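> First the structure, which I've put down as structure tokens, then a few questions once you've had a look.
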Amino acid sequence: MTSTWGKWAVLEIAVGQGVTVRDVQLWRESAVTEDSDTSGTMGGVEIGLIAGRFIGSINVEKLPVWVNKTGTYRCYSESWTTCSFFRAKLLRRRHKYRGLVVELSGRNGAAKEYVVFYKQLGADAQLRVCCSNLDLSVKRRLDRKLVVTFATAAATATTTAGNADAADAAAAAAAVTGPTPTSEPASSLPAITISATTATATTATTTTTTPDAEESSTLSPQQPQEPQQTSSLVHIDTVIHRTQLKRTQSSIKLHSLLRKNDHKQQFVSRLSQCILGGLRLRNIPHPQYEKLYKMTYGASEFSFRNELATQQEITFEQIQNCVEILLKLFTRS
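Last residue of the sequence shown? That's 333 in UniProt numbering, and every number before it is there in order.
Below, the structure is given as structure tokens:
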């Protein structure tokens, strides 16, 4: 029995803005017997075309603990566009740990699958593009456990609230009819205050406080609280969405700061050209050259302070007129 590389699937990946990367061939190594035929099939399954959708880029060295990489495929293509796409996205020096996550449509009605493309250094010291499946079974088990945990907590909170209502009703009846002999029930339930429900998955911990627990500490015994419906269940997907939202907000702030810096840099460049040109035309002696430059620069920047703060467009003619007025004032020319 020998092993050989055979084609497993061919992908067409939609990368956004109406662009589709075609002919992404996935090859994997498998054992082949003398009677097996690998032409056009892989393990008896006909090679098919699978549609995919590009989700985003990740750091393959920082995958969550509930994500496992299973199976390794080598990627080949006869399309020049496809090769250029992966070369630009993965094979540059700054993309050392970058991975591209792609969602694959389920075949034959199966659930959607996720794969990650990344670069790997081969035995021949050449970089190659590889692909692995993302196993989310651990995440799904954690989600199911979270559902059970929150459901149990909600049922306990409802039972506790019902017992409190019954005790208040009995106390009110005793106040009207007088004291009556009481006996301890055989299966009394202790009062339980739920402050937090913690779900732990190895190194990742998620803590959630139910609304009933927060309000039970502020309500007096004479003000029974009606049992409330449980809030929406917190899944790992929600935590990931919040993290991505924070990253998006940080990216927006960074882009805004970069635009502001570019606007200021363009203004400084034009202002410097105008001041230097005006000083050369007036044949300013060297001892006064630097002093006049600093004074004109500071006054010009102050005169355009409102435009710089609001990032309004400042034309070259406006800067030139301002510099000419200041130089005439400073040199009396």
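Glycine included, each C-beta is placed from N, C-alpha and C at the ideal position.
In this text the structure is predicted, and so the values were computed from the model without any measurement.
Helix, strand or coil: how does DSSP classify E61 here?
E61 falls in the helix class under three-state DSSP.
> Of all the options K119, E313, V67, G48, which has the alpha carbon lying nearest to the alpha carbon of R140?
The shortest Cα separation from R140 among K119, E313, V67, G48 belongs to V67.
> Tell me W27's beta-bridge partners as DSSP assigns them.
Note: W27 sits in a beta bridge opposite K7, R74.
> Am I right that F117 and L90 are in contact with their C-beta atoms under 8 angstroms? What's the rounded C-beta distance?
Yes, F117 and L90 are in contact; Cβ-Cβ is about 7 angstroms, under 8 angstroms.
> Three or more beta-carbon pairs under 8 angstroms between the segment 126 to 134 and the segment 143 to 154, yes or no?
No: fewer than three Cβ pairs fall under 8 angstroms.
> At which residues does the beta strand (DSSP E) containing S105 begin and terminate?
It is not in any beta strand (DSSP E) - S105 carries neither H nor E in the DSSP assignment.
> Taking G277 as the reference, give the member of N321, V138, S57, H255 with the closest Cα.
For G277, the nearest C-alpha among the options comes from N321.
> Let me know if R98 comes out buried or exposed under the rule of 16 or more other beta-carbons within 10 Å of its beta-carbon.
Label assigned to R98: buried.
> So which of F304, T81, L292, L254 has the shortest CA-CA distance to R270?
It is F304 whose Cα lies nearest to the Cα of R270.
> Can you list, in chain order, the stretches of the alpha helix (DSSP H) that have 4 or more residues and sit fully within the segment 79 to 155?
Listed in chain order, the complete alpha helix (DSSP H) runs (minimum 4 residues) inside the segment 79 to 155 are 80 to 89.
> According to the Cβ coordinates, are E12 and R22 closer than 8 angstroms?
Against a cut-off of 8 angstroms, the Cβ pair of R22 and E12 comes out as a contact.
> Which whole-angstrom value is the C-beta distance of C75 and V24, which I expect to be below 8 angstroms?
Confirmed, Cβ separation roughly 6 angstroms.
> Just the C-alpha distance for L121 and E61, rounded to the nearest angstrom, thanks.
Their Cα atoms are separated by approximately 15 angstroms.
> Our contact map puts F267 next to I325 with C-beta atoms below 8 angstroms; I'd like the distance itself, whole angstroms only.
Not really, about 17 angstroms apart at Cβ, beyond 8 angstroms.
> Buried or exposed for G100, please, with buried defined as at least 16 other CB atoms from any protein chain shown within 10 angstroms of its CB.
According to the sequence shown, residue 100 is Leu rather than Gly. Counting Cβ neighbours within 10 Å, L100 comes out buried, since at least 16 surround it.
> Straight-line CA distance for G48 to A125?
Roughly 32 angstroms separates the two Cα atoms.
> Out of R282, H286, I240, E307, which one is the CA nearest neighbour of residue 340?
Nothing about residue 340 can be read from this structure; the chain reaches only from 1 to 333.
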